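Undergrad: Dumping the structure here so I can ask a few things about it.
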Amino acid sequence: MTRTVLPAALFSALLIGACSAPPSSPRPTDQLPFMGSWNCGATTMTFTPESYLPANDASPIRIARFSTQNRVTTMTLADGAVIQVQWQNDNQMTFTSQTTGDSFDCARVAG
């Protein structure tokens, strides 16, 4: 009986631990609903699971770290800049740069 209970308890503990683990790279896009291109008035930005493109004619910047809490994702870029996106729904988000102080209301680019 002990043999059956111990593996079952161990399996349950592993399953619970796996469910609470943070996402790992490559980042699942279903957990990052702001992936894609956004018209932010002054510029069109594009996000991929690995990079941020601040404008169509700019070079992509690698995303070094990210965290998401309460519909706000904070990204630390490879150049040290920190940006945040807060999505309101599938078609609207707010972009904020902690580094420059810029803030934009953005609409998803159809595509």
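One point on numbering: in numbering that gives the first Met the number 0, the residue at position 31 of the sequence shown is 30, and numbering is uninterrupted. Every residue, glycine too, gets a C-beta built ideally from N, C-alpha and C. Nothing here was measured: the structure is a model prediction, and the numbers come from that model.
1. Helix, strand or coil for asparagine 55? Go by DSSP, reduced to three states.
2. DSSP three-state label for glycine 35, please.
3. Output yes or no for whether 9 Å exceeds the beta carbon distance between alanine 77 and threonine 98.
4. Taking DSSP as the reference, what is the three-state secondary structure of threonine 99?
5. Name the two residues that bound the continuous beta strand (DSSP E) containing valine 84.
TA: Put simply:
1. Position 56 of the sequence shown, counted from the start, is the residue given in the question as residue 55. It is coil, neither helix nor strand.
2. In the sequence shown, counting from the first residue as 1, residue 35 sits at position 36. It is a strand residue.
3. Counting from 1 along the sequence shown, the entry for residue 77 is found at position 78. Counting from 1 along the sequence shown, the entry for residue 98 is found at position 99. It is not a contact, given that the beta carbons lie outside the stated cut-off.
4. Numbered from 1 along the sequence shown, position 100 holds the residue referred to as residue 99. Note: threonine 99 maps to coil in three-state DSSP.
5. On the sequence shown, residue 84 is found 85 positions in, with the first residue counted as 1. That run of the beta strand (DSSP E) goes 81 to 88.
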